[in-house]
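**Q** Numbering (our numbering), first residue to last: 24 to 314.
Pasting the structure below:
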């Protein structure tokens, strides 16, 4: 059916609104990229950067020659991979158990998990526990405290309850026990929600810097975001510590180095997201509707 005049105007206004919204979201990141590629002498006055003001890679050279950036990448990649794998697997195990009506005390365990969404032990007890376990300045201190959350568990519970019981019963008739059903039947059918929770955890670990503040005492164990915060706060010192020649240092300023540091820390997670987007949307919707 042909659209009425009012519907056409609404469609045009809707398209214009979303184009403007898209521009408002994209431009800040575009500004970072253009600013990081600009010549330092042309960026002193600031302004809008739709294209690089001049062209220079000196800021990226300063960033990648900074030893702290490289160690921060190492720590963040390790904690992100460990945290995403451990958190996803542990959350799936807990969620699968409480999603079954045959679990004795299932409501009680669900209440205990829900209780942690409303109340937590607090910052000081958490730190004292990590210290008592002698995890300070280790990868485990950066991974374990944030590996599981009640929200992730309940999203998975909603998904697992949507898996037909007949599938599991057929596997048990063939001689499979609960562990075999979980690893060979349930997990392969749960790729959307696993990808969703894995992405949640990966983004959380990648953007985490507060754990480095709490649980590390040396710069070698700083996560990337903590290194980035230090560079932004002390840019001149970071440039001098990068071991650049005097001529290269003259080609950069604090503005371009800040822009380059933010771009370097953001791009990896942006590269991963498109590959998980399909599973992410499907898993989040199913988990929210079924839960």
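The beta carbon of each residue, even a glycine, is placed where N, CA and C say it ideally should be.
State the DSSP-derived secondary structure class of residue 171, mapped to helix, strand or coil.
**A** If DSSP states are grouped into helix, strand and coil, residue 171 belongs with coil.
**Q** Going by the beta-carbon positions, is the gap between residue 277 and residue 59 smaller than 7 Å?
**A** In this structure, residue 277 keeps its C-beta atom at 7 Å or more from the C-beta atom of residue 59.
**Q** Note down the Cα distance separating residue 192 from residue 209, rounded to an integer number of angstroms.
**A** 12 Å
**Q** To the nearest angstrom, how far is the alpha carbon of residue 228 from that of residue 238?
**A** Rounded to whole angstroms, residue 228 to residue 238 spans 14 Å at the Cα level.
**Q** Buried or exposed for residue 119, going by 16 or more other Cβ atoms inside 10 Å?
**A** Sixteen is the threshold: when 16 or more other Cβ atoms of the shown chains lie within 10 Å of the Cβ of residue 119, as they do, the residue is buried.
**Q** Contact between the segment 172 to 189 and the segment 115 to 132: three or more CB pairs below 8 Å?
**A** Contact check between the segment 172 to 189 and the segment 115 to 132: three or more CB pairs, one atom from each, fall below 8 Å, which counts as touching.
**Q** Does the Cβ of residue 256 have 16 or more other Cβ atoms within 10 Å, making it buried, or fewer, making it exposed?
**A** exposed
**Q** What is the DSSP secondary structure of residue 246, reduced to helix, strand or coil?
**A** coil
**Q** Taking just the CA atoms, how far does residue 29 sit from residue 249?
**A** The straight-line gap from Cα to Cα measures roughly 52 Å.
**Q** Between residue 297 and the rest of its own chain, which residues show a CB-CB distance below 7 Å, the 5 nearest in sequence each way excluded?
**A** Residues of the same chain with their beta carbon placed closer than 7 Å to that of residue 297 are lacking, with the five preceding and five following residues left out of the count.
**Q** What's the gap between the Cα of residue 121 and the Cα of residue 48?
**A** 40 Å
**Q** Could you name the residues of the same chain whose beta carbon sits closer than 7 Å to that of residue 269, not counting the 5 residues immediately before and after it, in chain order?
**A** Its pLDDT being 48, under 50, residue 269 is placed unreliably in this model, and the value from its coordinates should be taken loosely. Closer than 7 Å at the Cβ level, and outside the excluded window around residue 269, lies no residue.
**Q** Kindly confirm or deny that the segment 159 to 172 and the segment 86 to 103 touch, where touching means at least three C-beta pairs closer than 8 Å.
**A** yes
**Q** What residue does the alpha helix (DSSP H) around residue 134 start on, and which one ends it?
**A** 129 to 141
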